[in-house]
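These protein sequence lines map, in sequence, to chains A and B. Mapping of the first sequence onto numbering that gives the first Met the number 0: residues 0 to 278, in sequence order. Mapping of the second sequence onto numbering that gives the first Met the number 0: residues 0 to 278, in sequence order. Step one of this worksheet: look at the structure below.
2 protein chains.
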Amino acid sequence: MGITFLKGHGTQNDFVLLPDPDAALALTEDRVLALCDRQRGLGADGVLRVVRTAALPADVPGTAGSASEWFMDYRNADGSIAEMCGNGVRVFARYLVEAGLVETSEFVVGSRAGDRAVTVHDDRSVTVAMGKATVTGRSAAILSGRRYDGITVDVGNPHLVTVLDEDVTGLDLRDRPELDPADFPRGGNVEFVNRLGDDVLRMRVIERGVGETRSCGTGTVAAAAADLYAASEDTGSRIVWIPGGEVTVRVQADGATLTGPAVILAEGALDEAWWVDPA
Amino acid sequence: MGITFLKGHGTQNDFVLLPDPDAALALTEDRVLALCDRQRGLGADGVLRVVRTAALPADVPGTAGSASEWFMDYRNADGSIAEMCGNGVRVFARYLVEAGLVETSEFVVGSRAGDRAVTVHDDRSVTVAMGKATVTGRSAAILSGRRYDGITVDVGNPHLVTVLDEDVTGLDLRDRPELDPADFPRGGNVEFVNRLGDDVLRMRVIERGVGETRSCGTGTVAAAAADLYAASEDTGSRIVWIPGGEVTVRVQADGATLTGPAVILAEGALDEAWWVDPA
Chain A
0 MGITFLKGHG TQNDFVLLPD PDAALALTED RVLALCDRQR GLGADGVLRV VRTAALPADV
60 PGTAGSASEW FMDYRNADGS IAEMCGNGVR VFARYLVEAG LVETSEFVVG SRAGDRAVTV
120 HDDRSVTVAM GKATVTGRSA AILSGRRYDG ITVDVGNPHL VTVLDEDVTG LDLRDRPELD
180 PADFPRGGNV EFVNRLGDDV LRMRVIERGV GETRSCGTGT VAAAAADLYA ASEDTGSRIV
240 WIPGGEVTVR VQADGATLTG PAVILAEGAL DEAWWVDPA
Chain B
0 MGITFLKGHG TQNDFVLLPD PDAALALTED RVLALCDRQR GLGADGVLRV VRTAALPADV
60 PGTAGSASEW FMDYRNADGS IAEMCGNGVR VFARYLVEAG LVETSEFVVG SRAGDRAVTV
120 HDDRSVTVAM GKATVTGRSA AILSGRRYDG ITVDVGNPHL VTVLDEDVTG LDLRDRPELD
180 PADFPRGGNV EFVNRLGDDV LRMRVIERGV GETRSCGTGT VAAAAADLYA ASEDTGSRIV
240 WIPGGEVTVR VQADGATLTG PAVILAEGAL DEAWWVDPA
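Next up, the structure:
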């Protein structure tokens, strides 16, 4: 048995971590596909390669001028590269602390979207700086023949947040929503939200290119920002209940933070023959 | 990190193996559910606990009079107990050989359905004795408003095998089939089959209580038995292509055997705190 891995999740958005400090692993698209395949591999929403920022080529976005010691090289389950993942970075940060690779509880994690400040709390939950969330206007989605009006929010990626009176738990979200291409030229995520109190939201989400997921970090930030906007508030915090658990979003003048659980449940090694030629 | 596990699959029917020679693990339904959960656990179709037959209580079905040294304690992903799993027993047998727990390539594995003779081949594929497959009559299933006529086969569990001229690859199998309760009082699996040649079948399967899966061991045996019956042959062999790979079924006078791949891709340890209280 050869290649070390860990399995973890943040509000049930789940990841395979591959410790690779010296950037020695040949993490091909085929291997990402095989690792994330839920029947023939370990199964995950994505792979988090744990690599020293200094070990990466200078042309990797986010490395130039980074203050990070460790870089989150994130791959989607389809083998593609993603810039950031708000749930993944929590799991990544917890791993760094538990493995003794960082010695403080506050540090920055490098990513293709730039450095992200994180704080690992005593209860192992993690707070991540998510950058600015900007309300950009109004739009609508059509899903299963029904129109959902909402607020558009940019959290580095595009969102439509629709607040409903009816319980979102009962919605049929198996189809893919149609978005207005003028507002969403590259598609977007759609959040379906109930207000459960002054500072508590229930949310379900359909992620662009994926379908419904149990959690979406940027989606929870978008939902909180949209709800603050509707209340004519610039700053504030919201607890967001999602199918995979509960997170807290704080919107401040200099950007939003996301606090939530990070779980690492297993550590092991991949069979070397399988790594060479995944069966 | 505490509890040892392995992850493997047989034609993409996937399993978490828990080595537990002395039957010391408290494998509760909650833990099976958490282990098999694909987001918050390791993810699998089922758990194979690897336990010495002699370490089990005498009231466990299949232990009394068993010639087996090792017993496959199989649990479905929903926490329930299943008697046997034709794909699981291949992975189980390969593990025993690779871990040095048996020293021959032919041996018997204990199960709640009784002892199963297995042969682990040099290429790591495994042949398993599946018992008798008995054609019992004709029946039909209704799926998405369409009627599928077929042959009923008992392989220890009940099957309806429907042979079609149109390519089964294109069928919409997202709904659950309705079976005649007179023929299937406890439900059954439905196999959709194309004949690709004299001894090659393509098959898709909807498993009772699960939905479509990438493989079903008893289903491939049922399909081969039904095809032999249609050709008025008592014995013979069929290669069966399933979405998860390829297996060979041999039907002989004393019973059927199933030969197919068995892959073990990872080994590791579960976090002890997670095992105590899965998050």
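No residue lacks a Cβ here, since even glycine has one placed at the ideal position from N, Cα and C. The structure displayed is predicted, hence computed values, not measured ones.
Item to check | Nearest candidate by alpha-carbon position, reference Tyr202 (chain B), set B:Gly208, B:Val209, B:Asn188 | outcome: For the purposes of this step, residue 202 (chain B) is taken as residue 203 along the second sequence, with counting starting at 1. Just to set this straight, residue 202 (chain B) is Met in the shown sequence, not Tyr. Measuring from the Cα of Met202 (chain B), the nearest candidate turns out to be B:Asn188.
Beta-carbon of Asn75 (chain A) versus every beta-carbon of chain B: anything under 9 Å?
-> One-based indexing of the first sequence puts residue 75 (chain A) at position 76. Asn75 (chain A) does not count as touching chain B.
Determine the closest residue to Glu165 (chain A) out of A:Gly1, A:Glu177, A:Phe191, with distance taken between C-alpha atoms.
As a first step, residue 165 (chain A) must be located in the first sequence, where it is residue number 166. Closest option to Glu165 (chain A), Cα to Cα, is A:Phe191.
Tell me which residues of the stretch 249-278 of chain B have at least one Cβ-Cβ distance to chain A shorter than 8 Å, keeping chain order. Pro260, Val262, Ile263, Leu264, Ala265, Glu266, Gly267, Ala268, Leu269, Asp270, Trp273, Pro277, Ala278
Query - For Thr10 (chain B) and Ala63 (chain A), the rounded distance between their alpha carbons - result: For the purposes of this step, residue 63 (chain A) is taken as the residue at position 64 of the first sequence. For the purposes of this step, residue 10 (chain B) is taken as the residue at position 11 of the second sequence. Taking the straight line from one Cα to the other gives about 45 Å.
* To do: Could you work out which residue in A:Thr103, A:Gly45, A:Glu105, A:Ala229 is closest to Lys6 (chain A) when comparing CA atoms only?
  => Position 7 of the first sequence, counted from the first residue, corresponds to residue 6 (chain A). Nearest of A:Thr103, A:Gly45, A:Glu105, A:Ala229 to Lys6 (chain A), Cα basis: A:Gly45.
| message | Checking the sheet assignment: what are the DSSP bridge partners for Met71 (chain A)? | response | On the first sequence, position 72 is the one that residue 71 (chain A) refers to. A:Val49.
Item to check | Contact set for Pro60 (chain B): own chain, Cβ-Cβ below 6 Å, skip 5 residues either direction | outcome: If you number the second sequence from 1, residue 60 (chain B) lands on position 61. Excluding positions up to five away in sequence, the list reads Arg111.
Backbone secondary structure at Gly87 (chain A) - three-state DSSP:
As a working note, residue 87 (chain A) is residue 88 in the first sequence. Gly87 (chain A) falls in the helix class under three-state DSSP.
Worksheet item: Does Asn188 (chain A) come within less than 9 Å of chain B when only Cβ atoms are used?
Response: As a working mapping, residue 188 (chain A) is identified with position 189 in the first sequence. Closer than 9 Å: no.
- Task: Using alpha carbons as the reference points, say which of A:Pro20, A:Arg115, A:Asp13, A:Ala25 lies closest to Glu271 (chain A).
- Result: Mapped onto the first sequence, residue 271 (chain A) falls at position 272. Out of A:Pro20, A:Arg115, A:Asp13, A:Ala25, A:Ala25 has the C-alpha closest to the C-alpha of Glu271 (chain A).
- Span of the alpha helix (DSSP H), counted from its first residue to its last, around Gly196 (chain B): In the second sequence, counting from the first residue as 1, residue 196 (chain B) sits at position 197. It is not in any alpha helix (DSSP H) - Gly196 (chain B) carries neither H nor E in the DSSP assignment.
Practice task
Return the Cβ separation of Ala43 (chain A) and Phe14 (chain A) in integer angstroms, given the expectation that the two are a contact with Cβ distance under 8 Å.
Solution key: The residue you call residue 43 (chain A) lines up with position 44 of the first sequence. The residue you call residue 14 (chain A) lines up with position 15 of the first sequence. With 8 Å as the limit, Ala43 (chain A) and Phe14 (chain A) qualify as a contact, their Cβ atoms being about 5 Å apart.
*asked:* I need the DSSP call for Glu245 (chain A), collapsed to helix, strand or coil.
replied: Working through the first sequence from its first residue, we reach residue 245 (chain A) at position 246. DSSP places Glu245 (chain A) in strand when its eight states are reduced to three.
Legend entry - Interfacial residues, the stretch 25-48 of chain B to chain A, with Cβ spacing under 9 Å: Ala33, Asp36, Arg37, Gln38, Arg39, Gly40, Leu41, Gly42, Ala43, Asp44
DSSP-derived helix/strand/coil call for Gly40 (chain B) = As a first step, residue 40 (chain B) must be located in the second sequence, where it is residue number 41. In this structure, Gly40 (chain B) counts as coil in the three-state DSSP scheme.
So that I know if they touch, is there some Cβ in chain B lying closer than 9 Å to that of Asp153 (chain A)? In the first sequence, counting from the first residue as 1, residue 153 (chain A) sits at position 154. It does not; no Cβ of chain B falls within 9 Å.
Quiz item: Residue range of the alpha helix (DSSP H) that Glu102 (chain A) falls in?
Solution: Indexing the first sequence from 1 puts residue 102 (chain A) at position 103. Here Glu102 (chain A) belongs to no alpha helix (DSSP H), and DSSP marks it neither H nor E.
Task: Reduced DSSP secondary structure (H/G/I, E/B, other) of Arg93 (chain A) - done: To locate residue 93 (chain A), count along the first sequence from 1; it is residue 94. Helix at Arg93 (chain A).
Check: What residues are listed by DSSP as bridge partners for Gly159 (chain A)?
Finding: For the purposes of this step, residue 159 (chain A) is identified with residue 160 of the first sequence, where counting begins at 1. It should be noted that the sequence gives Leu, not Gly, for residue 159 (chain A). Its beta-bridge partners are A:Thr151, A:Val189.
Check: Taking the C-alpha atoms as reference points, what is the distance between Tyr147 (chain A) and Ala225 (chain A)?
Finding: The residue labelled residue 147 (chain A) in the question sits at position 148 within the first sequence. The residue labelled residue 225 (chain A) in the question sits at position 226 within the first sequence. So the two alpha carbons sit approximately 15 Å from each other.
Determine, using beta carbons only, whether Arg249 (chain A) and Ser231 (chain A) come nearer to each other than 9 Å. Locating residue 249 (chain A) in the first sequence gives position 250, counting from the first residue. Locating residue 231 (chain A) in the first sequence gives position 232, counting from the first residue. Not closer than 9 Å, so no.
_For a contact defined as C-beta to C-beta under 7 Å, what are the partners of His8 (chain B) on chain A?_
Within the second sequence, numbered from 1, the residue matching residue 8 (chain B) stands at position 9. Chain A residues near His8 (chain B): Gln38, Arg39.
**Item:** Three-state secondary structure assigned by DSSP to Leu172 (chain B)
**Value:** The residue given as residue 172 (chain B) occupies position 173 in the second sequence. Here Leu172 (chain B) sits in coil by DSSP.
- prompt: Which one of B:Leu227, B:Cys215, B:Thr258 has the shortest CA to CA distance from Gly243 (chain B)?
  reply: Residue 243 (chain B) sits at position 244 when you count from the first residue of the second sequence. If we check each option's Cα against that of Gly243 (chain B), B:Cys215 comes out closest.
Inset, instruction - Can you grab the Cα-Cα spacing for the pair Glu68 (chain A) / Arg74 (chain B), in whole Å? - result: Taking the first sequence and counting its residues from 1, the one referred to as residue 68 (chain A) is at position 69. Taking the second sequence and counting its residues from 1, the one referred to as residue 74 (chain B) is at position 75. Rounded to the nearest angstrom, the two C-alpha atoms are 44 Å apart.
request  = Sort A:Val199, A:His8, A:Arg51 by Cα distance to Met71 (chain A) and report the nearest one.
outcome  = Counted from its first residue, the first sequence places residue 71 (chain A) at position 72. For the residues A:Val199, A:His8, A:Arg51, the minimum Cα distance to Met71 (chain A) belongs to A:Arg51.
### Residues of the stretch 201-216 of chain B whose Cβ lies closer than 7 Å to any Cβ of chain A, in chain order
Arg213
Review point. Per DSSP, Arg115 (chain B) is paired with what?
Key: Sequence index remark: in the second sequence, residue 115 (chain B) carries index 116 (1-based). In DSSP, Arg115 (chain B) forms a bridge with B:Val108.
- [ ] Count the other CB atoms, across all protein chains shown, that sit within 10 Å of the CB of Ser143 (chain A); report buried if there are 16 or more and exposed otherwise.
- [x] On the first sequence, residue 143 (chain A) is found 144 positions in, with the first residue counted as 1. Looking at its Cβ environment, which holds fewer than 16 other Cβ atoms inside 10 Å, Ser143 (chain A) is exposed.
- prompt: For Gln251 (chain B), does the count of other Cβ atoms within 10 angstroms reach 16, so buried, or fall short, so exposed?
  reply: One-based indexing of the second sequence puts residue 251 (chain B) at position 252. Classification for Gln251 (chain B): exposed.
Next on the checklist: Does the contact criterion of 3 or more C-beta pairs under 8 Å hold for the stretch 130-142 of chain B versus the stretch 89-103 of chain B?
Outcome noted: no
Sorted by chain position, which residues of the same chain lie with C-beta nearer than 7 Å to Ala66 (chain B)'s C-beta, five sequence neighbours on each side aside?
For the purposes of this step, residue 66 (chain B) is taken as the residue at position 67 of the second sequence. If we look at Ala66 (chain B) and ignore the five residues flanking it on each side, its Cβ neighbours are Val107, Asp114.
For this session: Please say whether Val127 (chain A) and Thr256 (chain A) have beta carbons closer to each other than 9 Å?
Result: In the first sequence, the residue the question calls residue 256 (chain A) occupies position 257. In the first sequence, the residue the question calls residue 127 (chain A) occupies position 128. Yes, the pair counts as a contact, with Cβ atoms nearer than the cut-off.
*If the cut is a Cβ gap below 9 Å, which residues of chain A does Gly243 (chain B) touch?*
What you label residue 243 (chain B) is simply residue 244 of the second sequence in a count that begins at 1. In chain order: Gln38, Arg39.
- prompt: Helix, strand or coil for Thr10 (chain A) per DSSP?
  reply: The residue you call residue 10 (chain A) lines up with position 11 of the first sequence. Residue state, collapsed to three classes: coil.
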